[in-house]
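UniProt numbering applies: residue 1 is where the sequence shown begins, and numbers increase by one.
Positions of the beta carbon are idealized from the N, C-alpha and C atoms, including for glycine.
Take a look at the structure below.
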Amino acid sequence: MIKLKNISKKYGDFDAVKNIDLKINKGEVFGFLGPNGAGKTTTLKMITGVLKSTSGDILINDIDINKKPIEAKKQFGFVPDSPDIFLKLTGIEYLNFIADIYNVSKEDREKRIEELSNKFEIKAALNDKIQSYSHGMRQKIVIIGVLLHKPPLWILDEPMTGLDPKSAHILKNMMREHVDEGNTVLFSTHVLEVAEKICDRVAIINKGEILFCGNLKEMKMQFQEDSSLEKMFLEITENE
Numbered sequence: 001m002i003k004l005k006n007i008s009k010k011y012g013d014f015d016a017v018k019n020i021d022l023k024i025n026k027g028e029v030f031g032f033l034g035p036n037g038a039g040k041t042t043t044l045k046m047i048t049g050v051l052k053s054t055s056g057d058i059l060i061n062d063i064d065i066n067k068k069p070i071e072a073k074k075q076f077g078f079v080p081d082s083p084d085i086f087l088k089l090t091g092i093e094y095l096n097f098i099a100d101i102y103n104v105s106k107e108d109r110e111k112r113i114e115e116l117s118n119k120f121e122i123k124a125a126l127n128d129k130i131q132s133y134s135h136g137m138r139q140k141i142v143i144i145g146v147l148l149h150k151p152p153l154w155i156l157d158e159p160m161t162g163l164d165p166k167s168a169h170i171l172k173n174m175m176r177e178h179v180d181e182g183n184t185v186l187f188s189t190h191v192l193e194v195a196e197k198i199c200d201r202v203a204i205i206n207k208g209e210i211l212f213c214g215n216l217k218e219m220k221m222q223f224q225e226d227s228s229l230e231k232m233f234l235e236i237t238e239n240e
């Protein structure tokens, strides 16, 4: 569960995120939607501790990430908006490095790496350097690393970018399975069709402010019943 209380991020006089209040519950896939530059990535980076908020409180499973960052970060796995990290390592070196950070046992990591690398069809490339990977392969190795310690909370910034259709389908199914077990998934996306199909609730952000938070049924109460998420999204953000 994630709680944001009056979160803001300022860069000089510019308000990147303005006084956000948000609660993301256990057992739900929560979609974070917005146009480019709306504040999605900034908000996710504050939630994960990559950026420090200018004001407000962020609780991860009731742990304040600003006061207890290490304990809070053990609660989640984070897929950033760019997979271009640790490029000099091989895939298996990177996965073992991540497993070491989270104290994943040798037996558990081997089983998990075998399972996930086969699922995402990247096993044959694990001994190659990440810099030789395509964008999609880099995205896969980062996702596998995030899932190694089986975190209860997944935070994914545009996780489908670069994935082939089969891998995207696998990830969407895994997201649903994860929340069906009582866990939580928070992800940002530009692909409204994905959000419409798998999200329990969504928040729409634009110019650093939350314009809507709720499920599609609640959103449709404000619009025509037959409106698609795309039409509602465009109307909400274009009216700003």
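Residue pairing for residue 97: DSSP places it in no beta bridge.
Per DSSP, residue 8 is one residue of the beta strand (DSSP E) stretching across 2-11.
Closest by C-alpha distance to residue 2, out of 28, 12 and 54, is 28. In the three-state DSSP reduction, residue 183 falls in the coil class, being neither helix nor strand. Inclusion of residue 139 and residue 159 in the CB contact set at 9 Å is warranted, their separation being smaller than that value. Counting every other CB atom within 10 Å of its CB across the protein chains shown gives residue 221 a total below 16, marking it as exposed. Rounded to whole angstroms, residue 105 and residue 141 show a C-alpha spacing of 19 Å. Around the beta carbon of residue 178, 16 or more other beta carbons sit within 10 angstroms, so the residue counts as buried. For a cut-off of 8 Å, the C-beta gap from residue 164 to residue 81 is around 19 Å, too long to register as a contact. With a contact defined as Cβ atoms closer than 8 Å, residue 49 and residue 35 miss out at about 25 Å.
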